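Enquirer: Residue numbers (UniProt numbering): 1 to 204.
For each residue, glycine too, the CB sits at the ideal point set by N, CA and C.
Bear in mind the structure is a predicted one, so any value in this text is a computation, not a measurement.
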Amino acid sequence: MATTTTGQCEDKEEREEAAESDEEAEEDEDLPETSGDEEDDGEAENQLIQAIALLGKRQYTRQWNEPSSIISEFNISTDQQKSIDTSELLQGLTNKKGLKQLKQRLNKLSDNTTQLLKPLAPIQKDRIHRKLAYEKSSKQISDWDPIVKHNKRADHLQFPLQEDVPAIPSLNTKVESFKAVTPLEQKVQFQRHCQQVFGIAMLS
């Protein structure tokens with residue numbers, strides 16, 4: 001029994017030693033991989049440093065869109081009291097042909113410009129309309145002033161002042177406006193027409 005127990009102990013020790021040797025071998029295998037990762041990290045750091053160095057050489061100047069007091073094609077003017085002149089806008093066209101004629105035309109246009117008036121408020125517009133309507137109605141009423149004064153001075157008045165006499169149409173107007181409708185009337189009208197034109201009566 002003693003020999004068997006000692007043999008078992010030796011087998012256990014051998015197994016433990018084999019397991020330890022396997023673990024060491026695995027650790028040795030992992031070591032080169034970690035060193036490769038470190039090398040990759042070092043290359044990435046070097047590339048980052050080179051990129052930063054290149055950025056220092058090529059500086060990007062950002063253009064600001066904030067308003068400034070200087071008038072140019074890139075800036076917005078904040079000075080509202082000063083108006084922009086056309087000559088300031090044409091500074092970049094000094095070497096162009098026809099600039100003189102263009103300046104002359106712009107000067108003529110600037111001289112002839114008239115400022116539009118501010119539209120009236122609705123209350124003021126209504127007031128002006130009422131005033132014009134009052135003047136028009138007072139003028140129409142003033143045309144009746146002589147008649148009113150004459151009637152005031154008269155001893156007595158008889159109404160209506162002017163009687164409407166109905167117009168009585170004469171016989172000639174009735175004859176001229178007569179139009180034959182029935183066959184008998186048409187026949188009589190034809191006879192009269194022949195008698196007036198030819199001097200004879202057409203017998204049928």
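Can you tell me where the alpha helix (DSSP H) holding residue 164 begins and where it ends?
Expert: Indexing the sequence shown from 1 puts residue 164 at position 164. That residue, residue 164, is in no alpha helix (DSSP H); it is neither H nor E in DSSP.
Enquirer: Considering only the beta carbon of each residue, do residue 191 and residue 180 sit closer than 8 Å?
Expert: Residue numbering aside, residue 191 sits at position 191 when the sequence shown is read from its first letter. Residue numbering aside, residue 180 sits at position 180 when the sequence shown is read from its first letter. Not closer than 8 Å, so no.
Enquirer: Put residue 103 into one of helix, strand or coil per three-state DSSP.
Expert: Here residue 103 refers to the residue found at position 103 of the sequence shown. Residue 103 falls in the helix class under three-state DSSP.
Enquirer: Residue 148 to residue 159, Cα distance in whole Å?
Expert: Position 148 of the sequence shown, counted from the first residue, corresponds to residue 148. Position 159 of the sequence shown, counted from the first residue, corresponds to residue 159. So the two alpha carbons sit approximately 14 Å from each other.
Enquirer: For residue 172 and residue 126, I'd like the C-alpha separation in whole angstroms.
Expert: Looking up residue 172 in the sequence shown gives position 172. Looking up residue 126 in the sequence shown gives position 126. If you take the alpha carbons of residue 172 and residue 126, they lie about 58 Å apart.
Enquirer: Tell me which residue opens and which closes the alpha helix (DSSP H) that residue 157 is part of.
Expert: Walking along the sequence shown from the start, residue 157 turns up at place 157. Looking at the DSSP string, residue 157 is not in any alpha helix (DSSP H), and its letter there is neither H nor E.
Enquirer: Express the C-alpha separation of residue 134 and residue 140 in angstroms, rounding to a whole number.
Expert: Position 140 of the sequence shown, counted from the start, is the residue given in the question as residue 140. Position 134 of the sequence shown, counted from the start, is the residue given in the question as residue 134. Each residue's alpha carbon lies about 10 Å from the other.
Enquirer: Please state whether DSSP places residue 42 in a helix, a strand or coil.
Expert: In the sequence shown, residue 42 corresponds to position 42, counting from 1. Correct three-state label for residue 42: helix.
Enquirer: Tell me whether residue 175 sits in a helix, a strand or coil according to DSSP, three-state version.
Expert: For this step, residue 175 is matched to residue 175 along the sequence shown. Residue state, collapsed to three classes: helix.
Enquirer: Assign residue 119 to one of three DSSP states: helix, strand, or coil.
Expert: What you label residue 119 is simply residue 119 of the sequence shown in a count that begins at 1. Coil, per DSSP.
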